[in-house]
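**Q** Protein chains in written order, with the numbering used here: chain H, 127 to 392; chain A, 32 to 270.
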Amino acid sequence: MKRLKNKYRYCFQGVLILLLLSLTLSCSSDDGRDPDTEPDFVTDESIFNRLITVSNLGGELPEGHEPMDEQDPLYYSLENEATVNTHYKQTDRWDISFSGIYRSFAGGNNGSDVANLGYKGPGVGGILILEKAFDDVIDIPDDSEFRTPTGIIGTDDAGAFGNGIGYYCYDFGGDIFNDGSYEYQHIAYCLADTTTVYEGTEKERTLLPRTMIVKTAKGNYAKIKMISLYKDLTDPDEWKRNSPHVYYTFQYVLAKAGSSKFEITQ
Amino acid sequence: MRMIIMVNRWFMFLLLIPWMLQSCSGSDDTVDGGDLDDGFSTVVRDLPGDTNGSMGGDVDGKTKQGFDTFLFRLSDQKQVWLRNEADSARWMKTADWDLAFTGPYNSEVFVNNANYFYNPGYEGEAVNTSVVMIDQPYETVNEAPSDEEFDTSEITKIGWATSAYDDGWFFYSMDTHIAIPVRDRTWAIRLPDGKYAKLELISVYQGNPPEVTNMNWPAPYFTFRYYVQEDGSENLKTQ
C-alpha cells in the first residue's frame, strides 16, 4: 500500500517537473526575458555632461532584472539609464551594482577583480567616494584611485556597522539624528549634504557631504549624489523607520573617457 | 509575500533575529571550547558584553538604549567599561588597553589607535598600532606580517563583513537570519607596546554553542582567543 502511494507521488512529481519545464521554456523563448534577446545598447552621446536624476530605482523592475534574493545585487547602467538583467553580470552593460544587506552597498564593474561581480567580463570600472559636495567635485580622479571590489561603499563609520567612508549613515539607535524614539531607529541617512550628527550633545559633529565617483564598465566617469533610500521621500526629516525602502534616488553627471573634469553643458 | 515582509524589516535584523553565531559543525576547529586551547594562546570564553543594551523599545528585559563600549587588555584580560564621561577620560587616550568592543552588541572591535577619528583611542597614545587581516586558520598563522603591511593596512576596525572579500569577522544572512563568523580568518595586530599578536574572534553567543535556534539565546558574550609574542619578534607560532 505504502509503495503504491509512493509510486503515485513520484508520478505526480514527474508531472510537476514537466509542467515547470514547459513553463520555463515558454517563458524564455518568446517574451524577451531570455537574456540573449535583450538588445545591447550603444552609449548615446547625449548622455554626457548633463544632470540626470533617477528616482525610486528598485521599485518596479522588469522580469529578470529583479534580484532573486534579498542580498542579490541590482545592476544599473548609468550610460543607458536602466537596470540590467542579472544574467548580464559578466558584460559591460552595467556600471554600478548595489549588493549586500538590503542592497545598500555600491560597487563598480570590473572584470579583472575576483571580488567583483563582473569578474571575467569586459568591465574596466571601479568606484570611490569623496568627502566633498556633488557640485564641488570637478576633477576626475586618477584611474589608480578607483577601487574594484563589489559592494565596498555603503555604511559610513559615523554610524553603526560603518565600513569606512560611506554614502549613508546607519542610525541604529535613532540617537545620531534624532531623539532615539522608536520611529527614528534603524534609519539609513544618505550623506549627500553637510549633516550634523548628535546635534546638541558633546558628541556633536559636522559631516562633510559625500559624492561617489564611478568609472563605468566602458571607461567613462560618473559622479553620483545619493539622495535617498526611501520611496518618494527626499527630505531627511521625513525618513521614518517604516518608510518604504529601499528605493534609490540619486543624481549623476557622466563625463567621457579622456576628460579631466565633470561639467554640465546641456 | 516573504519578500515584502523582509523589506519592511530593514535594519531591524539584529534585533528581530537572534544573534546566532553558528559554529562550524563536524570539524575539530573551534567547536565547544575544548579545541581552542593550544597550550600557547589565551582563550577567553563568554566575556559578557553590554547585555542590558538594546536599540530600545523592542525587546523585553532590555533596560536601556544603546550599548556601552568596553575595553580589553590582552596582557591580563582586564575588561574596562566606558559607562560615563569619567571612564572615557580616564581610559580612552591611554595605551592601557588593546581592544575596544563597540557598536551594536559590542560586535565592532577596534585595535587601540590614535590616528582614526572613530577609534576610541583617537588622539591618544597608541600611535603606531595596526591590524592586518589574514585569511588563514588561526593555528596556521606562524608569523606576523611585515611592518610595511601593517603600515599600509586600511582596516579601521574588525566588524561586519559585508561580503566574503570585505574585512570583518561575521557575515549576516538574510536567508537564514543567522550571523555567521567568518571562518579561517585571523587578525594580526601590532599592539600599543609594539609587540605582535594574532587574534581570532569566535562567537558572540553565550557558551559558544555549535548551533543556536532559540531567538532569546543570551548575547553578547564573547569567545575569542589570542596570542601575544612577548619577545617582540614576529613569531606567532602556537602549535
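Glycine is no exception: its CB is placed at the ideal position from the N, C-alpha and C atoms.
1) Write down the C-beta distance between P251 of chain A and G80 of chain A rounded to the nearest angstrom, noting that I regard them as a contact closer than 8 Å.
2) Does the distance from the C-beta atom of E328 of chain H to that of F303 of chain H stay below 9 Å?
3) So does the segment 217-227 of chain H actually touch the segment 305-316 of chain H, counting three or more Cβ pairs closer than 8 Å?
4) In chain order, what residues of the same chain lie with their CB nearer than 6 Å to the CB of A17 of chain A, ignoring the 5 residues before and after it?
5) Does the CB of D268 of chain H have a neighbour CB from chain A at under 9 Å?
6) Do I251 of chain H and G345 of chain H have their C-beta atoms within less than 9 Å of each other?
7) Can you find a CB in chain H that lies within less than 9 Å of the CB of E170 of chain A?
8) If you draw a straight line from the alpha carbon of Y245 of chain H to that of I350 of chain H, how long is it in whole angstroms?
9) Quick check for students: name the residue ranges of the alpha helix (DSSP H) that lie wholly in the segment 103-180 of chain A, counting only runs of 4 or more.
10) For E231 of chain A, which residues of its own chain have a beta-carbon under 8 Å away from its beta-carbon, when the five flanking residues on both sides are left out?
11) Hey, quick one: how far does the beta strand (DSSP E) through E231 of chain A stretch, first residue to last?
12) Using a 10 Å radius around the Cβ and a threshold of 16 neighbouring Cβ atoms, would you call V90 of chain A buried or exposed?
13) Taking only three categories from DSSP, how would you classify T212 of chain H?
14) Beta strand (DSSP E) containing P188 of chain H: first to last residue?
15) Quick one: which residues of the segment 232-247 of chain H get their C-beta closer than 7 Å to a C-beta of chain A? List them in chain order.
16) With distances taken between CB atoms, is the gap from V180 of chain H to F376 of chain H smaller than 9 Å?
17) Who pairs with I178 of chain H in a beta bridge, going by DSSP?
18) Taking 7 Å as the limit between beta carbons, can you name the residues of its chain near W112 of chain A, skipping five residues before and five after?
19) So G226 of chain H contacts chain A; which residues on that side make the cut at Cβ distance below 8 Å?
20) Are A120 of chain A and P151 of chain A close, meaning C-beta to C-beta below 9 Å?
21) Can you list the residues of chain H that T100 of chain A reaches, using a CB-CB cut of under 8 Å?
22) Between P275 of chain H and the rest of its own chain, which residues show a CB-CB distance below 7 Å, the 5 nearest in sequence each way excluded?
23) Which residues does DSSP list as the beta-bridge partners of D239 of chain H?
24) How about E174 of chain A and N115 of chain A: do their beta carbons lie closer than 9 Å?
25) Leaving out five residues on either side along the sequence, give the residues of the same chain with a beta carbon under 6 Å from the beta carbon of S161 of chain A.
26) Could you tell me which residues DSSP puts in a beta bridge with T322 of chain H?
27) Comparing the C-beta of E231 of chain A with each C-beta of chain H, is any distance below 9 Å?
28) Within the continuous beta strand (DSSP E) that includes A232 of chain H, where are the two ends?
29) When you compare each of H:N175, H:I178, H:G185 to K357 of chain H by their alpha carbons, which one comes out closest?
30) For K215 of chain H and K109 of chain A, I'd like the C-alpha separation in whole angstroms.
31) Just grab the DSSP bridge partners of H312 of chain H for me.
32) When DSSP labels each residue in this structure, what does D363 of chain H get in the three-state scheme?
33) Can you name, in chain order, every residue of its own chain whose Cβ lies under 7 Å from the Cβ of S72 of chain A, other than the five neighbours on each side?
34) Taking C-beta to C-beta, are G97 of chain A and F287 of chain H nearer than 9 Å?
35) Which term fits L106 of chain H, buried or exposed, when burial requires 16 or more other beta carbons within 10 angstroms of its beta carbon?
**A** Based on what the coordinates show:
1) Yes, P251 of chain A and G80 of chain A are in contact; Cβ-Cβ is about 3 Å, under 8 Å.
2) Contact: no.
3) Note that the segment 217-227 of chain H does not touch the segment 305-316 of chain H; fewer than 3 beta-carbon pairs, one per stretch, sit closer than 8 Å.
4) Past the boundaries of the shown model lies residue 17 of chain A; chain A is included only from 32 to 270, so the question cannot be answered.
5) With its beta carbon at least 9 Å from every one in chain A, D268 of chain H lies outside the interface.
6) Residue 251 of chain H is actually Gly in this sequence, not Ile. Going by C-beta atoms, G251 of chain H is nearer than 9 Å to G345 of chain H.
7) For E170 of chain A, the answer is no, since every Cβ of chain H falls outside 9 Å of its Cβ.
8) About 23 Å.
9) The segment 103-180 of chain A contains these whole alpha helix (DSSP H) runs: 116-122.
10) Taken in chain order, the residues that qualify are T61, Y169, R216, T217, W218, F255, R256, Y257.
11) Unbroken beta strand (DSSP E) run through E231 of chain A: 227-234.
12) Any answer about V90 of chain A is weak, because its pLDDT of 49 lies below 50 and its placement is not dependable; what the coordinates show is given next. Exposed, since its Cβ has fewer than 16 Cβ neighbours within 10 Å.
13) In the three-state reduction of the DSSP assignment, T212 of chain H falls in the helix class.
14) Looking at the DSSP string, P188 of chain H is not in any beta strand (DSSP E), and its letter there is neither H nor E.
15) Listed in sequence order: A241.
16) A contact, by the Cβ cut-off of 9 Å.
17) Beta-bridge partners assigned by DSSP to I178 of chain H: H:Y378.
18) Excluding its 5 nearest sequence neighbours in each direction, W112 of chain A has C-beta neighbours in its own chain below 7 Å: D99, F101, D118, listed in chain order.
19) Residues of chain A passing the Cβ test: T193, S194.
20) A120 of chain A is not a Cβ neighbour of P151 of chain A, given a cutoff of 9 Å.
21) The premise fails here: T100 of chain A is roughly 13 Å from chain H at the closest Cβ pair, so nothing lies under 8 Å.
22) The answer, listed in chain order, is G233, D239, A241, N242.
23) As far as DSSP is concerned, D239 of chain H takes part in no beta bridge.
24) No; because the gap between Cβ atoms is not below 9 Å, this pair is not in contact.
25) Result list for S161 of chain A: F181, S184, R221, in chain order.
26) As computed with DSSP, T322 of chain H is found in a beta bridge with H:T332.
27) No, because no Cβ of chain H sits closer than 9 Å to the Cβ of E231 of chain A.
28) Residues 231-233.
29) Ranking H:N175, H:I178, H:G185 by Cα distance to K357 of chain H puts H:G185 first.
30) Approximately 49 Å between the Cα atoms of the pair.
31) H312 of chain H is not bridged to any residue.
32) Helix, per DSSP.
33) For S72 of chain A, where only same-chain residues beyond five positions count, the Cβ hits under 7 Å are R256, Y257, Y258, T269.
34) Contact flag unset, no.
35) Nothing can be reported for residue 106 of chain H, as the shown portion of chain H is limited to 127 through 392.
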